[in-house]
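Trainee:
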Amino acid sequence: MTAKKNDVATEHSASIIVARDLSVHFPIGGGLFQRRQMLKAVEGVNIAIPKGSFFGLVGESGSGKTTLGRALLKANPITRGEVTYHDGEVDYDLGTLPKDKLREYRTRAQLIFQDPYAALSPRMTVRDIIAEPLEVMNLTQSREETDERVRDIAGKCRLNLEHLRRFPHAFSGGQRQRISIARALVSNPRFVVADESVAALDVSIQADILNLLKALQQELGLTYLFISHDLSVVAHICDHVAVMYLGRLVESAPTRELFQRPRHPYTKALLSAIPSLDPDRRNTAQKLTGEIPSPTNPPPGCKFHTRCPHAVSRCREEEPELEFAGTSHEVSCHRWKELDV
Ligand code: SF4
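The working numbering runs 2 ahead of the 1-based position in the sequence shown.
(1) Spatial neighbours of Asp9 within its chain, please: C-beta separation below 7 Å, excluding the five flanking residues on both sides.
(2) With a floor of 4 residues, list each alpha helix (DSSP H) that falls wholly inside the stretch 131-160, ordered by position along the chain.
(3) For Ser199, which residues of its own chain have a beta-carbon under 6 Å away from its beta-carbon, when the five flanking residues on both sides are left out?
(4) Assign Lys76 to one of three DSSP states: helix, strand, or coil.
(5) Report whether the distance from the Cβ of Val245 to the nearest heavy atom of the ligand SF4 is below 8 Å.
(6) Excluding the five sequence neighbours on either side, which residues of its own chain have a C-beta within less than 6 Å of the C-beta of Ser368, listed in chain order?
(7) Relative to the C-alpha of Arg72, which residue among Asn48, Val44, Asp89 is closest?
(8) If you compare alpha carbons, which of Trp338, Phe326, Glu321 is closest to His312?
(9) If I'm right that Pro297 touches Leu41 with Cβ under 8 Å, what's the distance once you round it to whole angstroms?
(10) Distance check for Leu70 and Pro100, CA to CA, integer angstroms please.
(11) Quick check: does the Cβ of Phe326 come within less than 8 Å of any heavy atom belonging to the ligand SF4?
(12) Helix or strand or just coil, what does DSSP make of Phe326?
(13) Using DSSP's beta-bridge definition, name the partner residues of His331.
(14) Relative to the ligand SF4, is the shortest distance from any of its heavy atoms to the C-beta of Ala255 smaller than 8 Å?
(15) At which residues does the beta strand (DSSP E) containing Gln2 begin and terminate?
(16) What runs of the beta strand (DSSP E), each 3 residues or longer, lie entirely inside the stretch 204-287?
(17) Could you check whether the Cβ of Pro302 sits closer than 8 Å to any heavy atom belonging to the ligand SF4?
(18) Whole angstroms are fine: how far does the CA of Val314 sit from the CA of Asp210?
(19) Should the stretch 73-90 be called in touch with the stretch 322-337, which here means at least 3 C-beta pairs below 8 Å?
(20) Would you report the Cα separation of Lys7 and Tyr268, rounded to the nearest angstrom?
(21) Assign Lys67 to buried or exposed, taking buried as 16 or more other Cβ atoms, counted over all protein chains shown, within 10 Å of its Cβ.
(22) Rounded to a whole number of angstroms, what is the C-alpha to C-alpha distance between Ala327 and Val243?
(23) Taking Cβ positions only, does Lys270 come closer than 9 Å to chain B?
(24) Can you tell me which residues form a DSSP beta bridge with Thr86?
(25) By Cβ distance below 6 Å, which residues in the same chain neighbour Tyr226 in space, the five residues on each side in sequence not counted?
Have a look at this one:
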């Protein structure tokens with residue numbers, strides 16, 4: 003869902019994270035012979051993530067998904083706009099968080115990394131890896147208390163006590179990802195960004211980890227932002243999906259609605275590219291041609307017009323706003339109504 007100015011009060015009570023007009027820019031270049039440029043990774047994003055949801059964020063590489071996820075954790079600087087967090091116990095405005103509050107926020111909002119091989123220090127035991135956030139953030143008073151919390155979250159992530167004494171190299175990819183999840187959840191967060199968290203795993207292991215994430219959501223009352231380029235995984239696990247293209251949200255809808263009736267040409271192209279076992283469907287795939295333009299020099303008007311088969315002159319001049327196309331379904335395309343047949 004996206005956050006509009008006139009329904010902020012309603013969304014604030016129902017959403018754990020609300021971002022308004024959020025932009026994240028990075029300066030690049032500026033060497034001896036290079037002109038300094040701005041990489042506009044995220045531009046003017048409005049998003050509201052309902053409490054307790056499994057919220058999917060999809061798009062091609064370079065669409066700004068990871069940068070947006072990290073900005074919501076305040077792991078990336080926010081160039082413009084506002085991000086607020088509200089879990090029913092505490093409220094934070096990420097733009098004005100002092101250092102001590104930022105430390106508190108880190109206990110409530112955590113990240114599960116993509117690569118379970120790179121994310122774990124090979125020199126630490128599993129116990130020390132999981133315990134590290136508790137020690138860094140001073141969340142426990144004694145080693146006994148730390149051990150108790152480590153054992154508790156390890157059990158919830160289906161690791162046994164014997165695993166805690168070993169080093170990461172002794173584990174498979176799926177087991178390592180369970181260690182990463184335990185580490186992310188040991189501080190008892192409410193909001194978790196899972197960034198391509200099953201992308202590096204075999205398909206059979208992916209299902210195991212997805213089922214674990216779902217079970218932990220129910221047991222611990224978590225809200226996930228699940229970032230993925232794999233739409234079949236998103237369809238399986240998420241209850242709402244937002245689609246990003248070149249730093250903007252172009253469509254957002256409940257999962258079933260988005261998959262059954264996508265409105266944006268980019269979403270339609272992404273969905274039609276999902277591999278199918280049906281030979282008839284294979285021939286109906288709408289091919290997405292060309293590369294995503296550079297975020298340092300985005301095209302004027304609709305950012306998708308350079309690849310859109312339905313582009314008209316208006317698309318090259320005027321950027322479309324997000325508008326409602328149904329309950330909780332929003333799309334930014336000048337022509338969605340005439341193309342919705
Ligand atoms: Fe295509 Fe125009 Fe819609 Fe953009 S606004 S998606 S270019 S039809």
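Ideal Cβ placement from N, Cα and C applies to all residues, glycine included.
Mentor: To lay it out plainly:
(1) Per-residue confidence for Asp9 stands at a pLDDT of 49, beneath the threshold of 50, marking its modelled position as unreliable; no derived number is given.
(2) 145-158
(3) Ile114
(4) coil
(5) no
(6) The structure shown has nothing for residue 368, since the chain only spans 3 to 343.
(7) Val44
(8) Trp338
(9) 5 Å
(10) 21 Å
(11) no
(12) strand
(13) Gly328
(14) no
(15) Limits of the chain in this structure are 3 at one end and 343 at the other, which puts residue 2 out of reach.
(16) 225-230, 242-247, 250-256
(17) no
(18) 45 Å
(19) no
(20) Confidence at Lys7 is low in this model, with a pLDDT of 45, below 50, so its placement is unreliable and the value that follows should be read with caution. Looking at the two C-alpha atoms, the distance is approximately 26 Å.
(21) buried
(22) 15 Å
(23) As a matter of chain content, chain B is missing from the structure shown, which is built from one protein chain.
(24) Val20, Asp95
(25) Phe56, Val194, Ala196
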